[in-house]
Amino acid sequence: MSDYDLIIVGAGPAGQSLAARLAQAPLRIALIDREPKAALAAPAYDGREIALTQTSIARLKQLGAWEHLAETEIAPLARAEVLNGESPYALSFADQSRNGALGALVPNSAIRRALFQTIAGQDNCDLHAGGAAAIESIDAQSARVRLADGALLKGKMVVAADTRFSALRKSQGISAHMLDFGRTMLVCRVHHAKPHHGIATEWFAHGQTIAMLPLNGDQSSFILTLRACAMQELAALSDEDFAREVERRTKGRWGEIALASTRHTYPLVAVYASRFAGQRFALIGDAAVGMHPVTAHGFNFGLRSAYALGDEIVRALKVSDDIADTRRLACYERGHRRATLPLYTATNAIARLYSDERPLARVARTAGLRLMNLTPGARRLVEVSLRH
Ligand SMILES: Cc1cc2nc3c(=O)[nH]c(=O)nc-3n(C[C@H](O)[C@H](O)[C@H](O)COP(=O)(O)OP(=O)(O)OC[C@H]3O[C@@H](n4cnc5c(N)ncnc54)[C@H](O)[C@@H]3O)c2cc1C
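Under my numbering, think of the first position of the sequence shown as 765, with each following residue one higher.
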């Protein structure tokens, strides 16, 4: 049996961020992922372009991950606009405080690779890749995690960073609020003839939601949300037919379109765990809060959770050697809930309102956009949330 202080299950962006946050801590860390090491070191493009807030960019810089990104992988985000149906009326967001960018778009695969490069050189972290792990037991003194090859790891605390459908969360009897939107999201890169001027556009149209996120050059991340059955037909189109379909659906707003990447689809299910901590156990990333992507906060919250839990562990180490101190874990849980629950609830409400085709809902969202534009305080609130 191998002895560790901290066992992190899931080496996705959240799990890797926690390991990197604790690089200087006097701990022995085990980081486990079911994916093989080669796939973690060079993650395949998965269609997701992550809109990072300024706070997340600062955190990735602190972790040393930002420096592993190529300049061409970072696309600044100047402004965001929300459109409703056929109306030319747009709700617009910009970073008023610094006159700079709202944030930046970086491919999820590049973030994962950069974080992997950061932890690869980390002395206090062992990577166990290529097999799923499960919690064998947790008691007042320690936790035990079984690897797929039968090996047993012992630690003072286990952290679940194992996706929004976390098997570890379930195994510890922690329930979760789950909201299945019955929609599928398709993501890919497209070239377009007309420039995007660095503006992200979210367009709630009849029966579909489209987002175009500006990348470097005349490329954007095209994001389409449809009912799951309608998406199947679209995903089956040839690349050429698909590009024509994008032109048709975007009504020529970005000119002629050509597909610039593989296409990827994701079922839309939002998840919020009822607790983020238990005895010698904590949840971070999507395992704690799995957001609907429409407000682009999933990884931003995941990084926040890795930082917040990491901070509590460092504080605990200053006064005792028990990193799983229950008061510290409760503090993490309270803080992360406060930071995420309002936006989780608002995001779900927005996603439902803007996919509701009933006449009253259409009127409500037009009114909502105008009200938001006319109320500087409300718009400011969103702009501040986009930074954090
Ligand atoms: C289309 C789309 C667009 C998005 N856009 C944005 C955006 O603009 N901004 C933003 O902030 N967020 C965005 N997100 C959300 C973001 O991608 C996720 O929040 C983030 O990837 C979650 O990271 P994670 O590490 O918690 O989980 P994951 O990325 O799901 O990683 C979990 C890891 O755990 C491993 N694992 C699972 N079970 C086990 C096990 N039993 N044993 C060992 N390993 C295990 C998996 O192999 C995986 O590597 C988007 C998501 C989607 C789908």
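A virtual CB, placed ideally from N, CA and C, is assigned to each residue, including glycine.
Output needed for residue i: all residues of its chain with C-beta closer than 7 Å, excluding positions within five of it in sequence on either side, in chain order.
{"i": "P840", "result": "A865, A868, G962"}
{"i": "R1039", "result": "I938, E1097"}
{"i": "E1009", "result": "L998, L1001"}
{"i": "P800", "result": "A893, G894"}
{"i": "D913", "result": "G895"}
Ordered along the chain, which non-local residues of its own chain (more than five positions away) have a Cβ less than 6 Å from that of residue i?
{"i": "A1007", "result": "I1021, A1022, L1023"}
{"i": "D1003", "result": "L1023"}
{"i": "E1011", "result": "I1021"}
{"i": "D1050", "result": "T927, R928"}
{"i": "E966", "result": "V846, A975"}
{"i": "S906", "result": "K918"}
{"i": "P807", "result": "S873, R876, R877"}
Helix, strand or coil for residue i per DSSP?
{"i": "E966", "result": "strand"}
{"i": "N848", "result": "strand"}
{"i": "F978", "result": "As written in the sequence, residue 978 is Pro, which differs from the Phe given in the question. Strand, per DSSP."}
{"i": "S984", "result": "strand"}
{"i": "G1099", "result": "helix"}
{"i": "T1104", "result": "helix"}
{"i": "T1029", "result": "strand"}
{"i": "D1003", "result": "helix"}
{"i": "L824", "result": "helix"}
{"i": "A834", "result": "coil"}
So the beta strand (DSSP E) residue i belongs to, where does it begin and stop?
{"i": "A999", "result": "Note, A999: premise wrong, no beta strand (DSSP E); alpha helix (DSSP H) at 992-999."}
{"i": "F945", "result": "940-956"}
{"i": "A893", "result": "889-893"}
{"i": "A1022", "result": "1021-1023"}
{"i": "A709", "result": "Because the chain in this structure spans residues 765 to 1152, residue 709 falls outside the shown range and cannot be described."}
{"i": "G900", "result": "Here the sequence assigns Glu to residue 900, which means Gly is not the residue at that position. 898-902 is the extent of the beta strand (DSSP E) around E900."}
{"i": "M921", "result": "921-924"}
{"i": "L770", "result": "770-773"}
For residue i, count neighbouring C-beta atoms within 10 Å of its own C-beta (all shown protein chains included) and say buried if the count is 16 or more, exposed if not.
{"i": "H1061", "result": "buried"}
{"i": "H941", "result": "exposed"}
{"i": "P1031", "result": "exposed"}
{"i": "Q780", "result": "buried"}
{"i": "V1083", "result": "exposed"}
{"i": "N980", "result": "exposed"}
{"i": "S901", "result": "exposed"}
{"i": "L791", "result": "buried"}
{"i": "E813", "result": "buried"}
{"i": "M921", "result": "buried"}
Quick one: give me the first and last residue of the alpha helix (DSSP H) that residue i is part of.
{"i": "A907", "result": "Unbroken run through A907 is the beta strand (DSSP E), 907-910; no alpha helix (DSSP H)."}
{"i": "I883", "result": "872-884"}
{"i": "A931", "result": "931-935"}
Excluding the 5 residues flanking residue i on each side, which residues of the same chain have their C-beta closer than 8 Å to its C-beta?
{"i": "E837", "result": "V870, P871, A874"}
{"i": "W723", "result": "Outside the displayed span of the chain (765 to 1152) sits residue 723, for which this structure offers no information."}
{"i": "A992", "result": "G946, R947, T948, P1031"}
Along the chain, which unbroken stretches of the beta strand (DSSP E) at least 3 residues long are found entirely within the region 1032-1096? Listed in chain order, the complete beta strand (DSSP E) runs (minimum 3 residues) inside the region 1032-1096 are 1045-1047.
Contained beta strand (DSSP E) runs [length at least 3] in the region 778-822, N- to C-terminal order: Those beta strand (DSSP E) runs which fall completely within the region 778-822 and span 3+ residues are 793-797, 813-817.
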